[in-house]
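A short write-up of the structure that comes next.
In the working numbering, the protein residues as written are 1 to 118.
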C-alpha cells in the first residue's frame, strides 16, 4: 500500500520561506512524475509544480513560477518544495501525488498546512 506523508508547513510572514517534504512509501515514487498540489479554503485542489521521474524537467503554475522550486531524491523516495517570497494567497493545504492523477495514483495524504500571514 502506497503512503504519502507531507510535512514542513507552518505559519510564516509574507516574504518568508518554507521547505515542504513528501515521503513516499511503496513502488510509486521512482517511476512516476510527481507533483505538489494545494487546496485553499473554498477552492478546488490544483497542481502547482510537477517534476519528471528523473528530475530533469519541472513545470510550474504561473502563480508560483520564480518563487517555488520542486525537487526530488529518488534514493530517499522524497519530494521537496522550496517556497520563497511567500504571499498570503499561498495559504492552503499542500499535498503531493503522482502526475497526472490517474487511477493508479496514491491515496491522498493528510497534507501540510501553510499559512502566510502577518
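Glycine is no exception: its CB is placed at the ideal position from the N, C-alpha and C atoms.
Member of the options whose CA lies at the smallest distance from the CA of residue i
{"i": "residue 67", "options": "78, 53, 89 and 55", "result": "89"}
{"i": "residue 29", "options": "21, 9, 79 and 14", "result": "79"}
{"i": "residue 47", "options": "56, 35, 76 and 54", "result": "35"}
{"i": "residue 53", "options": "100, 117 and 116", "result": "100"}
{"i": "residue 118", "options": "8, 7 and 12", "result": "12"}
{"i": "residue 8", "options": "43, 16, 14 and 22", "result": "22"}
9 Å Cβ cutoff met for residue i and residue j
{"i": "residue 40", "j": "residue 102", "result": "no"}
{"i": "residue 5", "j": "residue 26", "result": "no"}
{"i": "residue 24", "j": "residue 84", "result": "no"}
{"i": "residue 94", "j": "residue 116", "result": "no"}
Whole-number beta carbon distance between residue j and residue i, since they are thought to touch under 8 Å
{"i": "residue 86", "j": "residue 20", "result": "About 11 Å; that fails the 8 Å criterion."}
{"i": "residue 60", "j": "residue 97", "result": "In fact, because the Cβ distance is near 16 Å, the residues do not count as touching under 8 Å."}
How about the segment 109 to 116 and the segment 55 to 69: do they share at least three Cβ pairs that are nearer than 8 Å?
-> no
For the segment 15 to 31 against the segment 69 to 87, are there 3 or more C-beta pairs whose distance is under 8 Å?
-> yes
Can you list the beta strand (DSSP E) stretches of 3 or more residues lying completely in the segment 13 to 96, in chain order?
-> 18 to 25, 34 to 39, 46 to 51, 58 to 60, 68 to 73 and 78 to 83
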